[in-house]
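Below you'll find the structure, written out as structure tokens, and then a few comments.
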Amino acid sequence: MTSAAEWSSAAIAEVLGEQFGLQVVTVSALGGEIDQNSAVELRDGSQVVVKVSRADPELIRWQHELLRLAGRDDVLGPVKVPTMLAARNGDTVVAVDRDGSHRLVTVQTWMPGTTLSKLGTHSTGLLTELGSTAARMVSALTEAPDRPGETRHHWDLLRAPEAIAQGIDSVEDRNRIAEVRRILSWFTRALDDHQESLPTSVVHHDLNDFNLLARRAPDGRHHVHAVLDFADALHTARISELAIAVAYSMLRKPNPLSAAAAVIRGYAAELDLTDAELSVLYPLAAARLCVNAVTWTKRCAQSGHAYGHDRMRHTWPAISLLAATPPELAEIVFREAAGAPVDPPAPLQVPEARRALPHLDLLPFDPAHEIITGILPGSARVGRHLQADAGTSARRSTEGGEAATLRLGVEIKSAESFRVLTPLAAIVERRGRGTAVDGLAYGPFLVLRHERDGAETIWSRWTGLSSSLRQGASVRPGELIGDTATGRSDWAPAALHVAIFRSLETALIAERVLVPPSEAAAWARVSPDPWEFLGLGDDWRSDADTEGSTERLLATRETHFARSQRSYYDHPMTLVGGRGAWLFDEFGRSYLDTINNVSHVGHGNPRVVAAATSQLHRLNTNSRFVYPGIAQYAERLAALLPDPLEVVFLVCSGSEANDLAIRMARHVTGRTDVLVVDGAYHGNTSVLTGLSPNRYKGPGGTGPDPTTHEVEQPNLYRGQFTYGDAAAGPKYAADVKRRVDRLVADDRPPAALIAESAMGTAGSIFYPDGYLERAFAAVRTAGGLCIADEVQVGFGRFGDVFWGFQSQCVVPDIVTMGKPIGNGHPMAAVATTREIADAFDTGMKYFNTFGGNPVSCAIGTAVLDEIAAQGLQEGAADTGRHFVDVLTDLAAKHELIGDVRGHGLYLGIELVRDRETKLPAADEASLISELMKDEGVIVYPTGADGNVLKIKPPMTFTADDADLFASVLDEILSRDW
0 MTSAAEWSSA
10 AIAEVLGEQF
20 GLQVVTVSAL
30 GGEIDQNSAV
40 ELRDGSQVVV
50 KVSRADPELI
60 RWQHELLRLA
70 GRDDVLGPVK
80 VPTMLAARNG
90 DTVVAVDRDG
100 SHRLVTVQTW
110 MPGTTLSKLG
120 THSTGLLTEL
130 GSTAARMVSA
140 LTEAPDRPGE
150 TRHHWDLLRA
160 PEAIAQGIDS
170 VEDRNRIAEV
180 RRILSWFTRA
190 LDDHQESLPT
200 SVVHHDLNDF
210 NLLARRAPDG
220 RHHVHAVLDF
230 ADALHTARIS
240 ELAIAVAYSM
250 LRKPNPLSAA
260 AAVIRGYAAE
270 LDLTDAELSV
280 LYPLAAARLC
290 VNAVTWTKRC
300 AQSGHAYGHD
310 RMRHTWPAIS
320 LLAATPPELA
330 EIVFREAAGA
340 PVDPPAPLQV
350 PEARRALPHL
360 DLLPFDPAHE
370 IITGILPGSA
380 RVGRHLQADA
390 GTSARRSTEG
400 GEAATLRLGV
410 EIKSAESFRV
420 LTPLAAIVER
430 RGRGTAVDGL
440 AYGPFLVLRH
450 ERDGAETIWS
460 RWTGLSSSLR
470 QGASVRPGEL
480 IGDTATGRSD
490 WAPAALHVAI
500 FRSLETALIA
510 ERVLVPPSEA
520 AAWARVSPDP
530 WEFLGLGDDW
540 RSDADTEGST
550 ERLLATRETH
560 FARSQRSYYD
570 HPMTLVGGRG
580 AWLFDEFGRS
590 YLDTINNVSH
600 VGHGNPRVVA
610 AATSQLHRLN
620 TNSRFVYPGI
630 AQYAERLAAL
640 LPDPLEVVFL
650 VCSGSEANDL
660 AIRMARHVTG
670 RTDVLVVDGA
680 YHGNTSVLTG
690 LSPNRYKGPG
700 GTGPDPTTHE
710 VEQPNLYRGQ
720 FTYGDAAAGP
730 KYAADVKRRV
740 DRLVADDRPP
750 AALIAESAMG
760 TAGSIFYPDG
770 YLERAFAAVR
780 TAGGLCIADE
790 VQVGFGRFGD
800 VFWGFQSQCV
810 VPDIVTMGKP
820 IGNGHPMAAV
830 ATTREIADAF
840 DTGMKYFNTF
850 GGNPVSCAIG
860 TAVLDEIAAQ
870 GLQEGAADTG
880 RHFVDVLTDL
890 AAKHELIGDV
900 RGHGLYLGIE
910 LVRDRETKLP
920 AADEASLISE
930 LMKDEGVIVY
940 PTGADGNVLK
950 IKPPMTFTAD
960 DADLFASVLD
970 EILSRDW
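Going by numbering that gives the first Met the number 0, the residue at position 910 of the sequence shown is 909; the numbering climbs one at a time, nothing skipped.
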């Protein structure tokens with residue numbers, strides 16, 4: 000706390016002029032615990048920080064030496080520390096007697112940036128950088144001399160119990176006192192066991208969120224920029240540096256262990272952690288926050304210190320979270336983060352266990368992506384340990400904390416109350432009343448201790464169990480211990496959770512029944528699977544028992560896939576199910592899908608699934624046989640097309656469809672040259688790669704085929720003719736005519752123009768009115784054919800029309816279809832006129848083994864039925880308009896959004912760093928996609944510059960889904976990345 004006799008701004012300015020030769024413009028007070036700190040603006044436009052102190056001058060000079068050591072080139076990597084300015088006498092510490100007081104004045108350079116305490120969010124990358132900075136600081140100060148004079152102070156982490164004892168009487172809340180004492184017991188136990196083994200060093204000792212500055216880099220992300228304030232530096236246990244950084248990283252974090260793990264990963268990448276250091280890290284970090292909270296509670300009670308109120312506002316809630324986190328769990332998380340060896344979870348051996356639920360017929364809970372079904376009388380639903388299902392699923396999110404979707408232990412739910420027997424002999428260790436856990440109300444709990452000859456002692460926790468057993472009572476194997484509580488409005492009826500723990504401490508702390516996926520591996524070590532313990536044996540095994548982790552699946556892909564076969568995201572999830580517009584990962588976390596136009600009528604669509612299943616039971620063969628489905632489907636498809644498009648070729652992919660269309664056009668016209676729109680993508684065959692500027696002009700591209708001719712992209716945002724130009728369509732189409740005329744003059748008239756009805760991979764580009772009409776006319780005048788690539792946007796996605804080309808008031812000669820046609824089933828089609836189809840038939844048979852097979856036709860018909868029955872085309876129009884409106888409102892709020900464009904449920908959000916220059920914000924687009932995925936919304940960048948968020952969701956997407964997308968995007972754009 001600063002002295003009551005602070006110097007005035009005028010006095011500070013006068014001293015700086017006299018002693019340092021600095022011409023002061025303004026002096027502004029800064030916060031501080033002891034020194035009087037001021038920000039000073041100088042006449043030359045620069046800024047400095049002035050400290051007026053009563054400290055020992057030798058201590059201040061020692062701190063300046065630490066600044067020198069830490070400020071050496073690259074010692075802290077890109078992170079900086081302030082530089083001390085010398086006074087007129089050449090010293091950096093100036094003694095001044097003024098107004099009857101003796102003070103020491105120092106001046107240091109101003110460090111630009113924002114303190115971590117003022118950032119709304121801390122990215123994982125930023126926290127990792129904090130950890131690496133802590134490690135580099137330890138290394139930088141290794142050669143520092145010991146602190147002169149008094150070598151200990153109030154904030155010395157190893158003296159936490161003394162500091163807390165000085166202020167605990169000021170804490171009035173009994174729960175807070177209990178939490179602090181619990182953490183202190185962990186601290187004392189850890190130091191008793193390991194203090195003598197801890198390496199020592201001089202450390203900064205105060206890497207808190209007020210002493211660290213971050214700056215935003217050109218990539219849009221905040222990075223650690225500078226470290227301030229060496230006043231608390233000490234020679235002490237080296238781990239104190241990391242423990243303090245970890246402590247403050249856990250403030251304002253709903254999942255503090257995840258934040259701490261990121262810091263530890265950064266530290267461990269620079270400096271090895273000893274076994275003893277990892278054993279004490281969590282208790283030390285938690286104790287530091289207790290010292291902070293208790294100290295500032297006392298000081299605020301005495302003086303109402305503003306800095307202290309800022310501190311306590313976040314510290315006490317963090318302490319509550321840490322006090323409810325078992326230290327053995329935290330240690331495992333921290334060891335994993337550091338890359339230290341962690342013993343694998345030992346299986347629980349209980350061959351003597353009796354069946355705890357002898358009268359129940361157990362059925363598994365439905366998978367996360369299924370609709371929850373009821374529980375039949377006499378049966379019960381069972382959920383497995385550390386697995387997710389329909390009863391635990393939640394949208395993935397970091398706001399409010401990582402979603403806890405994995406059951407801790409086994410859950411049994413029944414429509415009726417049921418009796419429960421103890422599987423093993425036990426002693427009642429603890430019993431408690433009903434409580435709220437994870438936002439749900441549960442009945443009373445019972446903790447049993449199971450001591451077994453020649454085997455480890457374990458504790459079982461039974462939540463939702465009504466029992467008459469008293470604490471200390473002994474129970475024999477197979478004896479009744481209670482029944483599930485029913486008939487109570489504040490309890491979930493007939494719900495029982497059973498968890499096993501390897502320590503009583505964890506059994507008593509771990510009241511939760513759901514845990515987040517990031518902690519699953521650690522929980523597996525401290526809480527064994529109770530399945531065998533409950534005597535359930537092989538009654539039911541989950542499919543999840545055989546699922547692989549994302550890391551293992553990625554490793555398999557790396558081994559057996561080419562590197563060109565990339566997956567979405569830097570940190571992908573493993574998907575195991577889908578329903579409607581939602582996808583689900585292996586942990587039961589759901590994601591709003593905004594990019595899967597492949598699943599046109601929704602993931603797991605019941606009509607499509609039933610059609611495929613039924614047809615597979617009856618017949619599947621190749622299309623040269625005669626069967627009803629192929630004729631019926633071809634007739635249905637042709638009826639949706641304008642005349643004279645009536646002949647259908649059924650194939651297996653959009654690339655195959657476009658390849659066939661080009662082959663037809665070249666054959667029918669006898670020509671080879673083809674016009675394409677700059678930026679287009681039409682497929683991955685050899686022919687189509689040479690006709691796709693998006694590929695041949697991109698990384699690894701080798702340029703166009705000699706017969707490929709680009710026309711200008713009609714881009715109303717970036718092109719030469721922009722929004723508001725009513726004649727933009729004809730103006731862009733004039734370039735098509737110029738290209739055609741040039742080809743005709745060169746005696747190379749075009750075989751065709753192939754154009755997407757809306758440009759997808761180019762960045763969701765929509766043509767201006769009249770563009771295709773004029774372009775098609777120019778090509779047809781020269782005898783060429785016009786191909787509409789509907790692979791992305793067909794089948795009602797535009798809402799007001801069924802086919803995208805209809806929005807341009809044209810009828811192509813050939814239409815290709817893909818992605819949405821089979822709702823994810825590999826099928827596609829080419830439609831053309833009878834005249835062109837006949838001209839293509841020269842006697843050479845066209846045959847496609849799988850195209851138009853009975854199952855594909857059944858699926859295709861089901862998709863058409865679903866579009867009509869559910870009114871999906873009309874819904875696309877309404878939802879699309881609403882979506883564009885909410886995104887346009889968002890653009891008015893966030894400068895990063897340069898353009899919002901859309902037609903029905905096909906949209907694009909173009910991100911730019913500057914709206915005037917339209918500099919593409921590609922890094923930001925990639926980062927936003929990753930962050931939205933972490934919030935349970937799937938979107939991904941596209942476009943030539945990778946700066947357009949593509950939006951093309953399943954047609955079951957609703958206005959509420961659009962609002963959710965917009966709210967998540969708004970929250971992310973408002974963050975401090």
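Here a beta-carbon is modelled for each residue, glycine too, at the ideal position from N, C-alpha and C.
Subject >> For Ala322, the three-state DSSP class (helix, strand or coil) >> reply: Helix at Ala322.
Original post:
To which residues of the same chain is Ala754 closer than 6 Å at the C-beta, ignoring the five residues directly before and after it?
Top reply: Val676.
Subject >> Residue burial classification, Gln194 (beta-carbon count within 10 angstroms, cutoff 16) >> reply: Exposed is the call here.
**OP:** May I have the straight-line CA-CA distance separating Ala732 from Glu865, to the nearest angstrom?
**Re:** So the alpha carbons of these two residues sit roughly 37 Å apart.
**OP:** Express the C-alpha separation of Gly901 and Phe804 in angstroms, rounding to a whole number.
**Re:** Using only the alpha carbons, I get a separation of about 15 Å.
Original post:
What separation, rounded to the nearest whole angstrom, lies between the Cα atoms of Glu128 and Ser138?
Top reply: Cα to Cα, Glu128 sits roughly 15 Å from Ser138.
**OP:** Return the CA-CA distance between Lys736 and Gly44, expressed in angstroms with no decimal places.
**Re:** Taken atom to atom, the span from the alpha-carbon of Lys736 to that of Gly44 is near 59 Å.
**OP:** Can you grab the Cα-Cα spacing for the pair His101 / Thr294, in whole Å?
**Re:** In this structure, the alpha-carbon of His101 lies about 28 Å from that of Thr294.
Original post:
Rounded to whole angstroms, how far is the Cβ of Ala213 from the Cβ of Leu125, which I believe are closer than 8 Å?
Top reply: Going by Cβ atoms, the distance from Ala213 to Leu125 rounds to 6 Å, so yes, they are a contact pair.
Subject >> Three-state class that DSSP yields for Ile426 in the structure shown >> reply: Residue state for Ile426 is assigned as strand, using DSSP reduced to three classes.
Subject >> Residue ranges of each beta strand (DSSP E) within the stretch 333 to 368, 3 or longer >> reply: The qualifying runs are 360 to 363.
Subject >> Pro940, enclosing alpha helix (DSSP H) - first and last residue >> reply: Counting along the chain, no alpha helix (DSSP H) covers Pro940; the unbroken beta strand (DSSP E) around it starts and ends at Tyr939 to Thr941.
Original post:
Would Leu640 be called buried (16 or more neighbouring beta carbons within 10 Å of its own) or exposed?
Top reply: Here Leu640 is buried. Its C-beta has 16 or more other C-beta atoms within 10 Å.
**OP:** May I ask you to report which of helix, strand or coil DSSP gives Cys785?
**Re:** Residue state, collapsed to three classes: strand.
**OP:** Report all residues from its chain with a CB closer than 7 Å to the CB of Asp542; omit the five preceding and five following residues, and keep chain order.
**Re:** Because the pLDDT of Asp542 is 49, which lies under 50, any placement of that residue in the model is unreliable, and the number read from its coordinates should be weighed accordingly. Within the same chain, and ignoring the five residues on either side of Asp542 in sequence, no residue has its Cβ closer than 7 Å to its Cβ.
**OP:** Just grab the DSSP bridge partners of Glu40 for me.
**Re:** Listed as beta-bridge partners of Glu40 by DSSP are Thr25 and Gln46.
Subject >> Rounded C-alpha distance that separates Ala630 from Asp837 >> reply: Between Ala630 and Asp837, the alpha-carbon positions lie close to 18 Å from each other.
**OP:** Would you list the one or two residues that DSSP bridges to Phe583?
**Re:** DSSP output for Phe583 lists Gly576 and Ser589 as bridge partner(s).
**OP:** Report all residues from its chain with a CB closer than 7 Å to the CB of Asp155; omit the five preceding and five following residues, and keep chain order.
**Re:** Non-local C-beta neighbours of Asp155 in its own chain, meaning closer than 7 Å and more than five positions away in sequence, comprise Leu233 and Thr235, ordered along the chain.
Original post:
What separation, rounded to the nearest whole angstrom, lies between the Cα atoms of Asp672 and Gly119?
Top reply: Each residue's Cα considered, the two are about 56 Å apart.
**OP:** Report the three-state DSSP secondary structure of Val967 (helix, strand or coil).
**Re:** Reduced to three states, the DSSP call for Val967 is helix.
Subject >> Spatial neighbours of Arg694 in its chain, beta-carbon cut-off 7 Å, leaving aside the 5 residues before and after >> reply: So the list reads Tyr680, Thr688 and Gly700, once near-sequence residues are dropped.
**OP:** For Asp704, I'd like the list of residues in its chain whose CB is within less than 6 Å of its CB, leaving aside the five on either flank, ordered along the chain.
**Re:** These residues qualify, in order along the chain: Gly689.
Original post:
Around the Cβ of Leu977, are there at least 16 other Cβ atoms within 10 angstroms (buried) or fewer (exposed)?
Top reply: No statement about residue 977 is possible, as the shown extent of the chain runs from 0 to 976 and does not include it.
**OP:** Would you please state the rounded distance, in angstroms, between the beta carbons of Pro643 and Thr832? I believe it to be under 8 Å.
**Re:** Correct: roughly 5 Å between the Cβ atoms.
**OP:** Output yes or no for whether 8 Å exceeds the beta carbon distance between Thr505 and Leu328.
**Re:** Yes, these two residues count as a Cβ contact at 8 Å.
Original post:
The beta strand (DSSP E) spanning His1034 covers which residue range?
Top reply: There is simply no residue 1034 to check, as the chain begins at 0 and stops at 976 in what is shown.
**OP:** Given a cut-off of 8 Å, decide if Gly678 and Gln712 are closer than it, judged by their beta-carbon atoms.
**Re:** Contact flag set, yes.
Subject >> Asp979, enclosing alpha helix (DSSP H) - first and last residue >> reply: Residue coverage of the chain in this structure runs from 0 to 976, which leaves residue 979 outside it and unanswerable.
Original post:
Excluding the five sequence neighbours on either side, which residues of its own chain have a C-beta within less than 6 Å of the C-beta of Arg215, listed in chain order?
Top reply: Excluding residues within five positions, the ones whose Cβ falls inside 6 Å are His221.
Original post:
Tell me which same chain residues have a C-beta within less than 6 Å of the C-beta of Thr721, skipping the five on either side of it?
Top reply: Closer than 6 Å at the Cβ level, and outside the excluded window around Thr721, lie Leu715.
**OP:** May I have the straight-line CA-CA distance separating Phe846 from Val938, to the nearest angstrom?
**Re:** In a straight line, the C-alpha of Phe846 is about 38 Å away from that of Val938.
Subject >> Chain-order list of residues whose beta-carbon lies under 7 Å from that of Val862 (same chain, five-residue window excluded) >> reply: Cβ neighbours of Val862 within its own chain (closer than 7 Å, five residues either side excluded): His599, Val600, Val607, Ile820, Gly821 and Asn822.
**OP:** Taking Glu57 as part of the beta strand (DSSP E), name the residues at either end of that continuous run.
**Re:** Boundaries around Glu57 are those of the alpha helix (DSSP H), Pro56 to Ala69, since no beta strand (DSSP E) includes it.
Subject >> Gly438 versus Arg511: straight-line alpha-carbon distance, rounded >> reply: Low local confidence applies: a pLDDT of 49 at Gly438 is under 50, so the model's placement there is unreliable, with the coordinate-based value given in what follows. When rounded, the distance between both Cα atoms is 10 Å.
**OP:** Would you check if there are 3 or more beta carbon pairs closer than 8 Å linking the stretch 557 to 570 to the stretch 381 to 391?
**Re:** They do not touch, by the three-pair rule.
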